[in-house]
Amino acid sequence: MDTQFVYDLLGENAWLYISGTLVALWILVWLYRDSLEIEDIKDKYVFVTGCDSGFGNLLCKKLDRKGFRVLAGCLTEKGADDLKRVAGPYLKTILLDVTSLDSVQKAMEWTKKEVGEKGLWGVVNNAGRSLPMGPSEWMKVEDYHSTLKVNMNGVIAMTMTFLPLIKKAQGRIVNVASVLGRVAANGGGYCISKFAVESFSDCLRRDISYFGINVCIIEPGFFKTAVTSLDPIERELHRLWDQLTPEVRASYGDKYLDKYIKVQRLIMGAVCDSDLSKVTNCMEHALTAAYPRTRYSAGWDAKLIWIPLSYMPSCVVDIGLKLVLPRPSKSV
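Be aware that the sequence shown starts at 3, since it is given in the working numbering, and climbs by one per residue.
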């Protein structure tokens, strides 16, 4: 079939029709490939961190019902006991503090005994903290470190310590970042740590792909969890404000804190989604899909606001935040 025959058959818009057909075929192939799942789920072990509540807790229950051998890292005894009470006999818990290398090492040794020669199919680095968040000038060095220790150092420590077990199973590493790892919308360690998770995951994926290991990044939008609870956010903002010098407080003005808190309430009320399964469904797909995606964006605000904003010029985000956040009284 020559080119002239195609033109005669389809007319002057031939290449438009051909391009549309190829795009449609590509979408169909992608959807089919995306729907394929792994086999022998009941023989696979998955370790999840941060399982006391929120995404990690819900994910463990979902994976347990699906048939995975779930190993849940909980920060507290209460969190571990509550999870065991509602799970099946194949879900096991261990106390884990991701900021402690000793605790991470003990968890790895325990996991090694549990998985045996099968290796570890997946590790989900879900444990994280958000506070303190606020204007950058309000932070002390230790305020940054308290968040970075969990969200950045904890992810790196867990991944590198458990990597030999993942390598044995040719499994998955699922790192929970955030849309705020794509758009830096506030000060403090949270955005910094999530940008770090994105970078670490990208570098790791490229380095270990030769060994059959997939590294997936989850980028949730704003959801109603302990991380976005207003009471702790406001308490931390008051603490940060109280530790400022009189000169710095004067530069922002007496009413700045109240205005800032009012904006936080407005944002959290407008964008926070209560359906946590939108995130855990992404985590589950990353663990069960034959061909997992590199990145998963969860939540309507992630898809419609934050991810598009991350491709915009920096000035667009700068102007948007200036329009939303209050202005210091002594700004120039």
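Just so you know, even glycine gets a beta-carbon here, dropped at the ideal spot from N, CA and C.
Backbone CA spacing between residue i and residue j [nearest angstrom]
i	j	result
Ile43	Leu61	15 Å
Gly190	Glu119	42 Å
Glu286	Ala292	12 Å
Val326	Gly58	32 Å
Lys280	Gly301	6 Å
Gly56	Trp112	24 Å
Leu311	Gly22	28 Å
Phe202	Ser253	37 Å
Arg184	Ile309	7 Å
Leu103	Ser211	26 Å
Lys94	Arg237	35 Å
Pro248	Leu242	13 Å
Thr78	Ile96	9 Å
Arg338	Asp83	Limits of the chain in this structure are 3 at one end and 334 at the other, which puts residue 338 out of reach.
Gln172	Gly124	9 Å
Asp320	Tyr313	13 Å
Residue range of the unbroken alpha helix (DSSP H) whose run includes residue i
i	result
Ile263	Tyr258 to Val273
Gln107	Leu103 to Val117
Leu311	Ile309 to Ser312
Gly183	Element bounds for Gly183: n/a, residue is neither H nor E.
Thr149	Val143 to Leu150
Ser331	Run containing Ser331: none; DSSP gives neither H nor E here.
Ser253	Pro248 to Tyr254
Trp140	Counting along the chain, Trp140 falls outside any alpha helix (DSSP H), and DSSP gives it neither H nor E.
Lys63	Gly56 to Lys68
Ala82	Glu79 to Val88
Pro234	Leu232 to Asp244
In DSSP terms, what residue i is bridged to
i	result
Glu221	Ser299
Met135	Gly190
Glu39	Ala291
Leu73	Phe49 and Lys94
Gly124	Val48 and Arg174
Asn216	Arg174
Own chain, CB closer than 7 Å to residue i, minus 5 neighbours either side, in chain order
i	result
Arg267	Leu232
Val100	Thr51, Val106, Ala129, Val152, Gly156, Ala159 and Met160
Ile40	Thr290 and Ala292
Gly69	Ile43 and Lys44
Pro234	Leu133
Continuous beta strand (DSSP E) stretch holding residue i: start and end
i	result
Ile175	Arg174 to Val178
Own chain, CB closer than 6 Å to residue i, minus 5 neighbours either side, in chain order
i	result
Asp145	Pro134
Ala179	Lys196, Val199, Glu200, Ile219 and Glu221
Asp204	none
Lys170	Gly121
Val181	Glu221, Gly223, Ala304 and Trp308
Cβ-based neighbour list, residue i, same chain, cut-off 8 Å, excluding 5 preceding and 5 following
i	result
Lys261	Pro328
Thr282	Phe57, Leu60, Leu61 and Lys64
Pro294	Arg174, Asn216, Cys218, His287 and Ala288
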